[in-house]
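Residue numbers (our numbering), protein chains in the order written: chain P, 377 to 679; chain R, 1462 to 1731.
I have placed the structure first, in the form of structure tokens, so that the comments after it can refer back to it.
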Amino acid sequence: MGEEGASTTTERRLDTTPASSSRSTGLLGKFASPRTIKNIAIGFGGAFIFLALFVYLGVVGVYDLQYAASTLNALRIGATNTLVLVGIVIPVGLSAGFTFGWGRTSHRWFVRSVSTVYVEFFRSMPPLVLIFFAFLISTTVVLSVPGLADRIGDPNSFAISMSVLALAFHSGAYQAEIVRAGIQSVPTGQREAAEAIGLKRGRILAYVILPQMLRVSLPALGNEFASVIKDTSLLSAVGILDLAYMASNLSSRLIISRGSIENIFLVYVEIALIYLAMTFIVSRALQEIERAFRVPGLEPAQL
Amino acid sequence: MGTAIVVAIAVITFLAGLGVGWFVFKAAPPRSTFVVGTNVPFPPFESYNDTSGQFEGFDIDLSQLFANAMGRTLVVRNFNSFDLLLATVGQGGVDLAASGITMSGPNGANRNRTMSFSDSYYNANQGVIVRTADTTTCPNSRCTTQELGNKTIGVQSGTTSEGWVDQYITPFDTNNATDIHRYASVITELQDLRNNVFEFMIIDAAPAQAIVAGSGGALKFLGTIITNELYGFAVKRGDSAGILPTVNSVLAQIKANGQYDALLVKWFGS
């Protein structure tokens, strides 16, 4: 009892920043700190000013505002599909990353070798090649195993799903290495100390390993998320109508049926802005999570 | 030792699950969708309308009629390359490929080995597009190797346009002046044509006319190359799903009752 009290006082003495003072309100409380809310407000304000500037440039005739407005429906469809892809690829990739990253550090040779095979396989192919590979091989397998096609239903939509999964697993392989680096950054003495004071395995993982691991892994994971959002554009190669497809279709309509190819740059500016917004939101969110997972006493040195 | 047992149990459970699943899902109901693969843009046969979010065109309307006749819902899937579409339909990855696919001639002979075709539904020739400033002329709007030999030409790879060029132009390259540009997509091909990368763009005549009409005066239609190609709908080799009889009977029926001509007027304007 007395010991616990002592440890909290030490912690309180270490915590001098405003973000850490709200630690007691739990994980959710940390994310809704006044600073976060201020950041979100600044973000929305900045985006609004930027958008207003963009529309103003159209009004004064720097580009064809009417054409830009006519593309909005296509962009809406494309952005929705891209968001759905991101919503599948990131959670699947993260789960695979955590599973196999943990497996890479296991003391069981079997778990370790399965994880290594996974990482090396999915890391060794360019994502576009992997997508085609998954698409073609799943089509072939579904159709060549007797009776399988009847049970699967639509072989083409199965093949497309497999391509999406392949991209998720590609990202998962990178995330596995990030997670492994994080786990291995925690000195073995930490674990031994936790065992010595009688913590069970699950608690060691939750209270000792995970917080210190995330401290190292989160910046790299954020990097990987930002990268995989843009990699979803490769899935347009198997016919998914995402933002990248919409860009190529809009420019094809300009070339084939509307005539003013001067507007093609505008399509790509719009698409680039949407990708930028998506990536920016995700990386800022990660930054907030990073702040929340800071370990008192282990803050990074500032140069 | 412990690991081995856990792995063994996991593998056995996994296989047992697969086995149970195999029998549980045995009586799958016949699929209610009719999946048609296409490769846009190829107007007026097929294109993607971003306002409605739908694929549209002559091929798509015909596919809708086939789906209606089978009592199934039409689902159109785009393939970003023509080669990938042909590879997929040959295996049966989609029920039908509707993408202005030529089933006759040397290309058609190759394709007939890897997929099965419906009766022909359109008779096509090749067309030649040039920039409006180009001074080349073809007598009677009939272009031959006379005009196109030893020149720079753009084609889409995997198409019969490429096949024609490889058969009649490339082998007769007398003074090393022939330069064939091959493109995966019509879009980049058109961009390069406008940017003066090559002089003649060869593509099927109907889309050639549509492209010129929509180019706002930047391009002109130089003439046709008479190739007498027959377009057909492609299905899995051997047609084990039994799609072709329905397709052929619908085609015969609409040619007899005037619906086919109405569709020609709707998409080709004549």
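Beta carbons are placed, not taken as given, at the ideal position from N, Cα and C, and that holds for glycine.
| query | result |
| --- | --- |
| If the criterion is Cβ atoms closer than 8 Å, does the pair residue 1411 of chain R and residue 1617 of chain R meet it? | Examination of residue 1411 of chain R is not possible in this model, given that chain R is present from 1462 through 1731 alone. |
| Give the single residue among R:1571, R:1509, R:1576 whose Cα lies nearest to the Cα of residue 1702 of chain R. | R:1576 |
| Under the DSSP definition of a beta bridge, which residues are partnered with residue 1642 of chain R? | R:1615 |
| Along the stretch 486-502 of chain P, what residues have a CB closer than 8 Å to any CB found in chain R? | 486, 487 |
| Should residue 1606 of chain R go down as buried or exposed, given a rule of 16 or more other Cβ atoms within 10 Å for buried? | exposed |
| Could you tell me which of R:1525, R:1513, R:1720 sits nearest to residue 1534 of chain R, measuring between CA atoms? | R:1525 |
| Over the uninterrupted beta strand (DSSP E) stretch that includes residue 1538 of chain R, give me the two end residues. | 1534-1539 |
| For residue 576 of chain P, count the other beta carbons within 10 Å of its own beta carbon; 16 or more makes it buried, fewer makes it exposed. Which is it? | exposed |
| Let me make sure I understand the geometry here. Which of P:489, P:504, P:627 has the alpha-carbon closest to that of residue 443 of chain P? | P:627 |
| Going straight from the alpha carbon of residue 450 of chain P to that of residue 640 of chain P, what length do you get? | 14 Å |
| So the candidates are P:598, P:549, P:579; which of them puts its Cα closest to the Cα of residue 567 of chain P? | P:579 |
| Quick one, which residues of the stretch 613-639 of chain P are near chain R if we go by CB-CB under 9 Å, in chain order? | 613, 614, 615, 616, 617, 621, 622, 624, 625, 626, 627, 628, 629, 631, 632, 633, 634, 635, 636, 637 |
| Can you have a look at residue 1722 of chain R and say buried or exposed, based on whether 16 or more other CB atoms are within 10 angstroms of its CB? | exposed |
| List the residues that DSSP assigns as beta-bridge partners of residue 566 of chain P. | DSSP output for residue 566 of chain P lists no bridge partner at all. |
| Within the same chain, show all residues whose beta-carbon is closer than 7 Å to that of residue 1570 of chain R, passing over the 5 residues directly before and after it, in chain order. | none |
| Start and end of the beta strand (DSSP E) containing residue 1576 of chain R? | 1576-1578 |
| Are the beta-carbon atoms of residue 594 of chain P and residue 674 of chain P separated by less than 8 Å? | no |
| Where do the ends of the beta strand (DSSP E) carrying residue 1681 of chain R lie? | 1680-1697 |
| Please state the DSSP three-state secondary structure of residue 399 of chain P. | With a pLDDT of 45 at residue 399 of chain P, under the threshold of 50, the modelled position of this residue cannot be trusted; read the value that follows with caution. Of the three classes helix, strand and coil, the one that applies to residue 399 of chain P here is helix, per DSSP. |
| For residue 1642 of chain R versus residue 1661 of chain R, is the C-beta spacing smaller than 8 Å? | no |
| Since residue 1510 of chain R is in the beta strand (DSSP E), which residue starts that stretch and which ends it? | 1508-1510 |
| For the putative contact between residue 1494 of chain R and residue 1520 of chain R, defined by C-beta atoms under 8 Å, what is the C-beta separation to the nearest angstrom? | At roughly 17 Å, the Cβ-Cβ gap does not stay under 8 Å, so residue 1494 of chain R and residue 1520 of chain R are not in contact. |
| Answer yes if the stretch 505-512 of chain P comes into contact with the stretch 580-589 of chain P, meaning at least three C-beta pairs across the two stretches below 8 Å, and no otherwise. | no |
| Take residue 1485 of chain R and list the residues in its own chain whose beta-carbon comes closer than 6 Å to its own, dropping the five residues that flank it on each side. | none |
| Judging by CA-CA distance, which residue of R:1665, R:1685, R:1633, R:1549 is the nearest neighbour of residue 520 of chain P? | R:1549 |
| So is residue 522 of chain P in contact with chain R if we call contact Cβ pairs under 8 Å? | no |
| Taking all protein chains shown into account, do 16 or more other C-beta atoms lie within 10 angstroms of the C-beta of residue 646 of chain P, making it buried, or fewer, making it exposed? | buried |
| Determine, using beta carbons only, whether residue 457 of chain P and residue 1554 of chain R come nearer to each other than 8 Å. | no |
| Along the stretch 1638-1652 of chain R, where does the CB come closer than 8 Å to a CB of chain P? Name the residues. | 1646, 1647, 1648, 1651, 1652 |
| So which residues of chain P does residue 1552 of chain R contact, with C-beta pairs closer than 7 Å? | 515, 516, 519 |
| Would you please verify whether the beta carbon of residue 1511 of chain R is less than 8 Å from any beta carbon of chain P? | yes |
| Under a Cβ-count criterion, where at least 16 other Cβ atoms within 10 Å of its own Cβ denotes burial, should residue 1621 of chain R be classed as buried or exposed? | buried |
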